[in-house]
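For what it's worth, my numbering labels the leading residue of the sequence shown as -11, then goes sequentially.
Quick reminder that beta carbons are idealized off the backbone N, C-alpha and C, glycines included.
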Amino acid sequence: MTHLKPETMGQQFGRRSWAEPWKIKMVEPLRMISREERERALVEAGYNTFLLRSDDVYIDLLTDSGTSAMSDRQWAGMMLGDEAYAGSRNFYHLEEAVRHHYGFRHVLPTHQGRGAEHLISQVAIKPGQFVPGNMYFTTTRLHQELAGGHFVDVIIDEAHDPEDLHPFKGDVDLDKLGALIERVGAGQVAYVSLAGTVNMAGGQPVSMANVRAVRDLCARHGIRLFLDATRLVENAFFIQEREAGFADRSIADIVLEFCSYSDGAWMSAKKDNLVNIGGWLAVNDDDQFEELRNLIVVYEGLHTYGGLAGRDMEALAIGIEESVQDDHVRSRIGQVRYLGELLTDWGIPIVQPVGGHAVFLDARRFFPHIPQDEFPAQTLAAELYLDSGIRSMERGIASAGRDAKTGDHNRPKLELTRLTIPRRVYTQAHMDVVAESVKAVHDGRGSTGGLRMTYEPKYLRFFQARFERL
Ligand SMILES: Cc1ncc(COP(=O)(O)O)c(C=O)c1O
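As structure tokens, this is what we get:
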């Protein structure tokens, strides 16, 4: 057996290694159950990784939502919760943090992102109006539809091709947007819904040039522009790295400029903002804010807590400040990229370029023999769990749901399995274990068969659907 000289990861890639800008103060033990137990757990969960118990999971890459490790400062903030029903001091800290880092005038806390999506959809969409956006997101589109809107995808075509190396695959296609406005009339466009980064496209960013151009087009037609700011900090990293003129600008500065082109934003603070629960909605317009401030009382809670405890708002205010630090974002995306580079080197098909929050396995190319109607991405998530207890998530035909008119499956071009990396939680060694497991499943891919859906919930079916082996 040849003995290779051990090299650090940095040496292997011909560069100096980087390290996380934190050290570990508290640990949570992990446990791996046997393959037989995993087989049983998977059958019990109907081959849906959302229905597994987390005790049966070894490395949990289901989502980066609410799974981050909070800092010692955030935990200290939890002890400073002012649990007053109204006017909690923590609300004012949160309001100040959002104003300072995102630049919006009015801020409402919500229990999580979809609470904010619900409110903005109810207030800003009239039944029958169109909502163009840069690719759909599951909960966002559903709230837009429940408010009577019709979502229209206006992302550039490159976003639907997992092999295309466009540096800003989240960009809006201005011709598509212009054509929609022309066709239906500006009065029938509720607003433009712009997400940075784009989750369903593989965590792909939007360029500053594109948001400026979308803003100009909207302004010419009197159409509002709202952001899904869930991973806007990660989006800013890609602008800093890839767009001319931004290399010397801080992430915080880039986030602020990006937001300045919009009329408001909704936020799932469980991602970028480093908390386990929470969200917010922010707008600039006074009248729209009045309406939202009234509606929030019905669905979330009084406008100074919106479904959150005082301590949650304090942790969130601190999380916002930590989330825009350059060294944090660099190491967060660096870890995702590390996993992506390993898999790419080994010839495993993933969405390129590697995005901000996850590595997306391209299940179409991974299992070319499994037709889309037999859920290749769902199958891949199940196989990975069986191999090593690693939990991932389907982002393909199951997530895309059904066409509201025809009742047929929506069949997205992208059929992906998402390995989502929680922030500040796992180490490089965990990433190595993940990569080796993906490789093992890839090596045995020829003998893997697909799945059949046996139970299908009406809304957001991917969360609770059940499957069996064909
Ligand atoms: C881009 C995007 N928008 C909105 C949401 C919804 O947020 P939440 O899960 O906090 O309701 C998510 C959550 O996954 C998301 O990724």
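Could you name the residues that DSSP lists as bridge partners for residue i?
{"i": "residue 95", "result": "270"}
{"i": "residue 215", "result": "182 and 253"}
{"i": "residue 338", "result": "349"}
{"i": "residue 156", "result": "Note: residue 156 sits in no beta bridge, so no partner."}
{"i": "residue 177", "result": "118"}
{"i": "residue 443", "result": "454"}
{"i": "residue 48", "result": "379"}
{"i": "residue 88", "result": "DSSP, once it has assigned bridges, lists no residue as partnering residue 88."}
{"i": "residue 3", "result": "BP columns for residue 3 are empty, so no partner."}
{"i": "residue 405", "result": "349 and 382"}
{"i": "residue 390", "result": "397"}
For residue i versus residue j, is the C-beta spacing smaller than 8 Å?
{"i": "residue 213", "j": "residue 186", "result": "no"}
{"i": "residue 139", "j": "residue 194", "result": "no"}
{"i": "residue 271", "j": "residue 280", "result": "yes"}
{"i": "residue 189", "j": "residue 215", "result": "no"}
{"i": "residue 381", "j": "residue 51", "result": "yes"}
{"i": "residue 261", "j": "residue 183", "result": "no"}
{"i": "residue 177", "j": "residue 115", "result": "no"}
{"i": "residue 419", "j": "residue 304", "result": "no"}
{"i": "residue 290", "j": "residue 107", "result": "no"}
{"i": "residue 265", "j": "residue 54", "result": "yes"}
{"i": "residue 169", "j": "residue 196", "result": "no"}
{"i": "residue 85", "j": "residue 309", "result": "yes"}
{"i": "residue 345", "j": "residue 191", "result": "yes"}
{"i": "residue 465", "j": "residue 263", "result": "Limits of the chain in this structure are -11 at one end and 458 at the other, which puts residue 465 out of reach."}
{"i": "residue 412", "j": "residue 56", "result": "yes"}
{"i": "residue 267", "j": "residue 78", "result": "no"}
{"i": "residue 100", "j": "residue 306", "result": "no"}
{"i": "residue 68", "j": "residue 302", "result": "yes"}
{"i": "residue 98", "j": "residue 245", "result": "no"}
{"i": "residue 397", "j": "residue 336", "result": "no"}
{"i": "residue 342", "j": "residue 324", "result": "yes"}
{"i": "residue 249", "j": "residue 199", "result": "yes"}
{"i": "residue 158", "j": "residue 167", "result": "no"}
Determine the extent of the alpha helix (DSSP H) in which residue i is found, giving its start and end residues.
{"i": "residue 225", "result": "220 to 230"}
{"i": "residue 139", "result": "Careful: residue 139 lies outside any alpha helix (DSSP H), inside the beta strand (DSSP E) at 138 to 141."}
{"i": "residue 326", "result": "314 to 333"}
{"i": "residue 373", "result": "364 to 376"}
{"i": "residue 194", "result": "Premise fails: residue 194 is in no alpha helix (DSSP H) and is neither H nor E."}
{"i": "residue 61", "result": "60 to 66"}
{"i": "residue 14", "result": "No alpha helix (DSSP H) contains residue 14, which DSSP labels as neither H nor E."}
{"i": "residue 145", "result": "That residue, residue 145, is in no alpha helix (DSSP H); it is neither H nor E in DSSP."}
{"i": "residue 30", "result": "23 to 32"}
{"i": "residue 111", "result": "101 to 112"}
{"i": "residue 263", "result": "From DSSP, residue 263 is part of no alpha helix (DSSP H); its letter is neither H nor E."}
{"i": "residue 248", "result": "239 to 248"}
{"i": "residue 41", "result": "Looking at the DSSP string, residue 41 is not in any alpha helix (DSSP H), and its letter there is neither H nor E."}
{"i": "residue 164", "result": "162 to 172"}
In chain order, what residues of the same chain have a beta carbon less than 7 Å from the beta carbon of residue i, not counting five sequence neighbours either side?
{"i": "residue 464", "result": "The question about residue 464 has no answer here: the residues shown for the chain are numbered -11 through 458."}
{"i": "residue 240", "result": "89 and 312"}
{"i": "residue 243", "result": "89, 90, 220, 221, 224 and 312"}
{"i": "residue 110", "result": "135 and 283"}
{"i": "residue 367", "result": "355, 358, 436, 438 and 439"}
{"i": "residue 238", "result": "314"}
{"i": "residue 386", "result": "363, 366, 449, 450 and 453"}
{"i": "residue 256", "result": "53, 100, 101, 218 and 267"}
{"i": "residue 83", "result": "95"}
{"i": "residue 468", "result": "For residue 468 there is no data in the structure shown, the boundaries of the chain being -11 and 458."}
I'd like the list of long-range same chain contacts for residue i, defined as Cβ closer than 6 Å, with 5 residues on each side in sequence excluded.
{"i": "residue 459", "result": "With the chain covering only -11 through 458, there is no way to say anything about residue 459."}
{"i": "residue 376", "result": "425"}
{"i": "residue 4", "result": "-2"}
{"i": "residue 410", "result": "52, 55 and 56"}
Following the continuous beta strand (DSSP E) through residue i, name the residue where it begins and the one where it ends.
{"i": "residue 412", "result": "Per DSSP, residue 412 belongs to no beta strand (DSSP E) and is neither H nor E."}
{"i": "residue 128", "result": "Premise fails: residue 128 lies in the alpha helix (DSSP H), 126 to 134, not in any beta strand (DSSP E)."}
{"i": "residue 454", "result": "454 to 457"}
{"i": "residue 299", "result": "Careful: residue 299 lies outside any beta strand (DSSP E), inside the alpha helix (DSSP H) at 298 to 311."}
{"i": "residue 121", "result": "118 to 121"}
Please return the same chain residues whose Cβ sits closer than 8 Å to the Cβ of residue i, not counting the five positions on each side in sequence.
{"i": "residue 322", "result": "6"}
{"i": "residue 40", "result": "29, 30, 33, 373 and 379"}
{"i": "residue 318", "result": "6 and 225"}
Is there at least one Cβ from chain B nearer than 8 Å to residue i's Cβ?
{"i": "residue 370", "result": "Among the protein chains of the structure shown there is no chain B, as only one such chain exists."}
Contact between the region 344 to 354 and the region 396 to 407 (3+ Cβ pairs under 8 Å): Cβ pair count under 8 Å is three or more, so yes.
- prompt: So, do the region 385 to 397 and the region 293 to 309 have three or more beta carbon pairs nearer to each other than 8 Å?
  reply: Inter-segment contact for the region 385 to 397 and the region 293 to 309 is absent: fewer than three beta-carbon pairs are separated by less than 8 Å.
query: Can we say the region 25 to 45 touches the region 443 to 456, given the rule of at least three CB pairs closer than 8 Å?
result: Contact between the region 25 to 45 and the region 443 to 456 is present, because at least three Cβ pairs lie under 8 Å.
field: Segment contact, 8 Å Cβ cut-off, at least three pairs: the region 431 to 441 with the region 357 to 373
entry: Taking 8 Å as the limit for Cβ pairs, the verdict is that the region 357 to 373 does touch the region 431 to 441.
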